[in-house]
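Visitor: Before I ask anything, here is the structure I am working with.
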Amino acid sequence: MNPKIVIATFIYFLLFNINYVKAQHVAVTKKWWKETVFYQIYMPSYADSNGDGFGDFRGMTQKLDYLQGIGVKGIWLTPFFTSPKVDNGYDIANYYEIDPTYGTKADFDFF
Ligand SMILES: [Ca+2]
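Shown next as structure tokens:
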């Protein structure tokens, strides 16, 4: 057998196997949180269900099918707890209560 063909064949299989191993490594090391589409919702302005001018959980619930349709797999919400809103809701006054502007605990649970 021609030694050049043997060497070329060996190099071909070596490169093929390196690419295969690289592909396997990428598949194993993918992190869901790096591959997933997240969508941040700024609660006050996203979807207002009752016409008071502020977004709320009922409004966001109505948009879930749309968000899923555009490929969103995770939602990041801005703060929705009770707050004096000096710092856009990040100044949380009570971590156990939903700010009434955004709805009720039942609205949150349903969302
Ligand atoms: Ca509203």
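Okay, so the sequence shown: first residue is 1 according to full-length UniProt numbering, each after it adds one. Cβ atoms here follow ideal geometry from the backbone N, Cα and C, with glycine treated the same way. It should be emphasised that the depicted structure is a prediction, and the values quoted were computed from it without experimental measurement.
Opposite Ile98 in the DSSP bridges: which residues?
Guide: Paired residues: Phe81.
Visitor: Would you kindly check if the distance between the Cβ of Pro79 and the Cβ of Ile98 is under 7 Å?
Guide: For Ile98 and Pro79, no; Cβs fall outside 7 Å.
Visitor: Taking only three categories from DSSP, how would you classify Gly59?
Guide: The answer is helix: DSSP assigns Gly59 an H, G or I state.
Visitor: Would you say Phe81 lies against chain D (beta-carbon separation less than 7 Å)?
Guide: Given the protein chain composition of this structure (a single chain), no chain D is represented.
Visitor: In angstroms with no decimal places, state the Cα-to-Cα distance between Ser83 and Glu35.
Guide: Cα-Cα distance, rounded: 33 Å.
Visitor: Comparing alpha-carbon positions, which option in Ser45, Gln62 and Leu64 lies nearest Gly55?
Guide: Looking at the Cα atoms, Ser45 is the closest of the given residues.
Visitor: Find the nearest neighbour of Val37 within the set Gly74, Asn50, Asn94 and Gly103, judged by alpha-carbon distance.
Guide: Ranking Gly74, Asn50, Asn94 and Gly103 by Cα distance to Val37 puts Gly74 first.
Visitor: In chain order, what residues have a CB nearer than 5 Å to some heavy atom of ligand 1?
Guide: Those residues are Asp48, Asn50, Asp52, Phe54 and Asp56, given in chain order.
Visitor: Exposed or buried, Phe110, counting other C-beta atoms within 10 Å across all chains shown (16 or more means buried)?
Guide: Classification of Phe110: exposed, given that the 10 Å Cβ count is below 16.
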